[in-house]
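S.K.: Those protein sequence lines, which keep their order, are chains L and V.
For the record, in the first sequence the residue sitting at position 188 is 1158 according to our numbering, with numbers rising by one throughout.
For the record, in the second sequence the residue sitting at position 127 is 489 according to our numbering, with numbers rising by one throughout.
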Amino acid sequence: MINSFYIQGIMNTGSGFALSIIIGFFFGLVLEKAGFGSSRRLAGIFYFREMTVLKVMFTAVVVACLGFGYLSGFGFVDMGNIYLMPTIYGAQIIGGLVFGVGFVMSGWCPGTAAVGLASGSIDALIFLIGAIVGSIIYSETFAFIKPIANWGDCGVSYVYNLTGMSRTSFSFIFTLIAIACFWFAEFVEKERIKEGFYLRGQFLKAFSFLLFVAAAGLFAFNGSDAKVNVAGKSLAAITPQARLNIAEEGKDHISPEELADMLIKGQKNLLVIDIRPESEYSNFHIRGALNISMSNLPEFLLPYKNKGDVVIYSNGMTHPAQARDVLLSENYMNVYILTDGLAGFKEQCLKPVSLRTEPVSDKKAMNINAWRKFFLTK
Amino acid sequence: MKNLENKKSPLMNPYLAGVFLGLTLLASFVFLGAGLGASGGIARIGAFMERWAFPAHVSLSEYFGRWGENPLRYYLVFMLAGVFAGGLFSAISKGRVLIKIEKGKKASIALRVALSFIGGIIVGFASRLAGGCTSGQALSGGAMLFSGSLIFLVCIFIGGYAAAWFLRRQWND
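(1) From the beta carbon of V:Ala469, is the nearest beta carbon of chain L less than 7 Å away?
(2) For V:Glu412, return the contacting residues in chain L, with the cut-off set at a CB-CB distance below 8 Å.
(3) Identify the contact partners of L:Cys1356 in chain V, using a Cβ-Cβ distance below 7 Å as the criterion.
(4) How about V:Gly430: is its C-beta nearer than 7 Å to some C-beta of chain L?
(5) For L:Lys1175, tell me which candidate among V:Tyr377, V:Leu373, V:Met441 has the shortest Cα-Cα distance.
(6) Measuring only the C-alpha atoms, how far is L:Gly1134 from L:Glu1269?
(7) Would you call the CB atoms of L:Asp1244 and L:Ala1259 closer than 7 Å?
(8) For a contact defined as C-beta to C-beta under 8 Å, what are the partners of L:Asp1093 on chain V?
(9) Looking only at its own chain, which residues have a Cβ that is under 7 Å from the Cβ of L:Ile1262, when we skip the five neighbours before and after it?
(10) DSSP state of L:Asp1093, grouped into three classes?
(11) Spatial neighbours of L:Phe1038 within its chain, please: C-beta separation below 8 Å, excluding the five flanking residues on both sides.
(12) Which same chain residues end up closer than 7 Å to L:Leu1024 when comparing Cβ atoms and leaving out the 5 residues on each side of it in sequence?
(13) Starting from V:Ile454 and walking both ways along the alpha helix (DSSP H), at which residues does that stretch end?
(14) With 16 as the cutoff for other CB atoms within 10 Å, does L:Phe996 come out buried or exposed?
(15) Which first and last residues belong to the alpha helix (DSSP H) in which L:Leu1241 is found?
(16) Over what stretch of residues does the beta strand (DSSP E) that includes L:Ile1282 continue unbroken?
(17) Which value, in whole angstroms, describes the spacing of the CA atoms of L:Gly1314 and L:Glu1248?
(18) Alpha carbon to alpha carbon, how far is L:Lys1116 from L:Asp1123? Give it in angstroms, no decimals.
(19) Grouping DSSP H, G and I as helix and E and B as strand, with all else coil, what is L:Tyr1053?
(20) Out of L:Asn973, L:Leu1036, L:Met1021, state which residue places its alpha-carbon closest to the alpha-carbon of V:Leu387.
(21) Using a C-beta cutoff of 7 Å, does L:Phe1097 count as contacting chain C?
(22) Any beta-carbon of chain V closer than 7 Å to the one on L:Lys1334?
(23) If you follow the beta strand (DSSP E) that L:Ile1307 is in, where does it begin and where does it stop?
(24) Quick check: the Cα distance between L:Ile956 and V:Met506, rounded to an integer number of angstroms?
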């Protein structure tokens, strides 16, 4: 498992900045080589003249999507390693429509304009100054905009969950759509500017075939996925008696110390979920925890049903226990709640030795110092 | 202009460029733990400039204020610098650096400058509202199959095609 800078909390440090520059360099390099340093070419897609944007963008999305599928299939990465952006329907629909108008008006978007500026485009410079002004206007009018900015906030939402498909099935269909779009783009260019270069020759045929094979290959990993789901369904619903037994034996709890050790060791397939409001989460959270609201738990956890361990916490234990009950009734057997919640975690793991009234052994003191170092440094 | 470009140094095969872009994005997810982004860096520069001019005002601001004393200490600012550097490296090596204003032959410079600026304001504003631009939301979020990012992507094209006809004059030859 590769621990990302995000999960280590070092994105905004010197090494994070260095990595960001390197990644940005390749990003800019590819954009320029694709011809995105030209506003005319970028705007071309809106006049069905030049479909380069569609070809490059859709290829990149599909390659990254399938690549991520393979890497997680082999166990190199998982979703917990990545900053998961929330879906806010109102803000993203309105934002997208408005963005599109600005895009066709200027012929630029932020990343390509940086490349345009590097290529000597004065219109890119003017666009970037405008974009800075637009950001300032947003901040100044935020009090009025806020209701729209939060309108339709659904937390982390995956499109394949909406469609009821597995990630793999959706990725497969998504790839087929991309291939269809590529052929459509070539056809448009042939009709409009007598180009359609890739309609001739073997390249696009071979490329389409490779993407198809790569997308289909993901189903090889999905075997285990499918089995878990089937097993989950065939389980008879857990009886109330069984539920009470589990609760009585404390099998659904995890102690703060256990959790802290698991996180420090970077245990695989461990998902820690903070169900407090975002404001409290951004103030402080257990390192590596994701912020998912209670109402979004069922949708979010679907891919993790009976796969790995899921720990849910809040300040206390009431809400996590309620969430656990609901999930247990849906046959989730891998959901744990943090004993005494975040308050207990702070008390047990993060309280400095000097402030403790109880005697602390040397070994425990070492642990406490390690925990404090891991969970309190940013 | 275009012919000149094509003659001098042909562009990369768009599908191969897409593959490299996808691999760059994948590397960003795996090692950095987040996708690519550009508008975040631009907004940070805006916050920095406004803070420089009106420090007390920005400290109290609900949006820029939360970015703290030094808004530039943020990974996307550095990524944006990297994008510029990568673009410059490639443009120089391919001999594509040329100080110019791109427009259609019939369009005036004033029109093109005005539309670039207003378009920039709109894009800067909309990127903040949507929580990212074509890079951070559409490309990165789309690859992760986030519902909101894919809807954002679709809406960019709806908005773009709806406005395209009204703005066609700047590209007319």
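Idealized CB from N, CA, C, for every residue including glycine.
These figures come from a predicted structure and were not determined experimentally.
M.R.: In brief:
(1) no
(2) Ile1106, Ser1109
(3) Because chain L spans 971 through 1348 in this model, residue 1356 of chain L falls outside it and cannot be assessed.
(4) no
(5) V:Tyr377
(6) 10 Å
(7) yes
(8) Ile463, Glu464, Lys465, Arg474, Val475, Ser478
(9) Gly1125, Val1126, Ile1243, Ile1245, Phe1270
(10) helix
(11) Val1047
(12) Ile1015, Cys1151, Ala1155
(13) 437–455
(14) buried
(15) Taken as a continuous stretch (DSSP letters only), L:Leu1241 belongs to no alpha helix (DSSP H), being part of the beta strand (DSSP E) at 1240–1244.
(16) 1279–1283
(17) 20 Å
(18) 12 Å
(19) coil
(20) L:Leu1036
(21) Here chain C cannot be found, since the structure's protein chains are L and V.
(22) no
(23) 1305–1308
(24) An answer regarding residue 956 of chain L cannot be provided, because it is not within the stretch 971 to 1348 covered by chain L.
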